[in-house]
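When we follow the numbering used here, the leftmost residue of the sequence shown carries the number 22, and every step to the right adds one.
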Amino acid sequence: MEQKVYKRIIKKENLYSKHLEEAKEILVSLPPGYDESRSYPLLVLHDGNDYFNLGRIVTQANQMMVNGEIEPVIMVAVPVQKERRTSEYSPKGSRHSQHMKMVVEELLPRIRDHYPTDDSPERLVLGGSSLGGTVSLHIALHYPEVSNRILSQSGAFLEATNEAILHAKSLEHFRIYQSVGKAETAVSTHMGSLDLVARNREVLRHLKEKHAHVHYVEDEGDHTWGFWQRDIPPALRFFFGR
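Structure follows, in structure tokens:
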């Protein structure tokens with residue numbers, strides 16, 4: 022049977038963040054058959070340009086939508102300057118709070134002003150890989166009224182993440198897709214070598230203690246886009262599957 026192929030529809034939104042004091046070019050991927058009269062769930066991705074390019078998430082998601090595997094979803098790529106990534110994504114970073122405010126107070130209102138998205142916390146997924154997964158979880162913990170859906174691939178979790186979870190009230194409304202590669206036991210970072218398998222297992226335990234609903238995956242792979250790209254379809258099915 023011949024597969025239907027839809028042209029990618031990617032819009033650009035130029036956002037100046039007062040919180041971060043910088044301009045960002047936000048990419049917005051619209052689903053096949055986009056209809057302004059309906060309301061769509063929203064997937065916001067940290068390291069978004071890498072997800073669109075290296076992760077091939079737009080190509081994969083569009084084909085899954087066309088095939089009826091997942092519902093239509095609007096996807097937003099949030100860029101980051103690599104030299105500022107740790108300061109914005111790490112919970113100990115000097116720009117972490119400002120980044121979270123940028124997402125909640127500037128980015129989301131801008132997207133919702135321009136596109137028909139469902140603004141309930143169950144219909145907004147925050148996602149990312151490595152520290153991108155970390156900051157996605159922290160935004161949801163800090164602003165649970167905004168989102169309680171998190172996609173974390175190979176989350177580079179620090180002790181501050183465990184502390185944030187332990188200080189949170191019940192997370193029974195949270196739904197989390199958490200994955201890590203089995204080979205990620207000695208990942209080289211600027212903070213030294215990290216055992217992300219052990220760190221993800223520890224975060225999983227704390228999340229479950231708070232009654233979060235976690236789909237946890239340990240699969241063959243390492244801290245690369247090869248693993249994360251393969252892991253995208255099951256993650257999309259978890260949040261948007263039909």
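We put the CB at the ideal spot given by N, CA and C, even for glycine.
Beta-carbon proximity list for residue i, same chain, < 8 Å, skipping 5 on both sides
i    : result
M22  : Here M22 scores only 41 on pLDDT, less than 50, and its place in the model is too uncertain to base an answer on.
M121 : V156, H159, I160, H163, Y164
K33  : E46, I47, L48, V49
A11  : A query on residue 11 cannot be resolved here, the shown segment of the chain reaching from 22 to 263 and no further.
V167 : V125, L129, P142, L145, I160, A161
H40  : Q119, H120, K122, M123, E126, E127
C-beta atoms of residue i and residue j nearer than 9 Å
i    : j    : result
E109 : V101 : yes
R154 : Q119 : Note on identity: in this sequence residue 154 is Gly, with Arg being the wrong assignment. No.
P93  : G69  : no
E205 : V218 : yes
P62  : R144 : yes
V125 : I160 : yes
I71  : S157 : Note on residue identity: the sequence assigns Asp, not Ile, to residue 71. No, the Cβ-Cβ distance between D71 and S157 is not below 9 Å.
N83  : S60  : no
H227 : N183 : yes
I31  : V99  : no
Beta-carbon proximity list for residue i, same chain, < 7 Å, skipping 5 on both sides
i    : result
H232 : S191, L192, E193
T107 : G114, L152, H211
D140 : R133
N35  : A44, E46
Nonlocal neighbours in the same chain, by C-beta distance under 6 Å from residue i, ignoring five residues either side
i    : result
G242 : G202, F248
V146 : L64, R170, L172, F260
A207 : S214
L75  : W246
H236 : Y198, F259
L162 : A185, A189
D240 : none
Top-ranked residue by Cα proximity to residue i, from the options
i    : options                : result
E42  : E127, S157, T107, D56  : E127
H135 : I253, S58, K28         : S58
V238 : K229, R222, E230       : R222
D56  : K103, T138, V79, M123  : T138
Q250 : P112, R77, H244        : R77
L48  : H40, K39, H67          : H67
V97  : G148, I253, Q174, S168 : G148
F178 : K229, E230, S111       : S111
E180 : S168, E230, R220       : R220
G176 : P142, R196, D216       : D216
Q81  : K229, R196, K28, E104  : K28
S38  : E104, F73, R116        : R116
F195 : R263, K229, L187       : K229
Any non-hydrogen atom of the ligand NAD closer than 8 Å to residue i Cβ
i    : result
I171 : This structure simply doesn't include the ligand NAD, nor any ligand for that matter.
For residue j and residue i, believed in contact at Cβ under 8 Å, the rounded distance
i   : j   : result
M85 : P52 : Not really, about 10 Å apart at Cβ, beyond 8 Å.
- Item | alpha helix (DSSP H) segments (min. 4 residues) lying fully within the stretch 100-169 | 106-110, 117-122, 129-135, 152-163
- Query: Which parts of the stretch 25-78 are runs of the beta strand (DSSP E), unbroken and 3 residues or longer, counting only runs that do not cross its ends?
  - Reply: 30-38, 43-51, 63-67
- Query: Which residue spans inside the stretch 177-207 form an unbroken beta strand (DSSP E) run of at least 3?
  - Reply: 196-202
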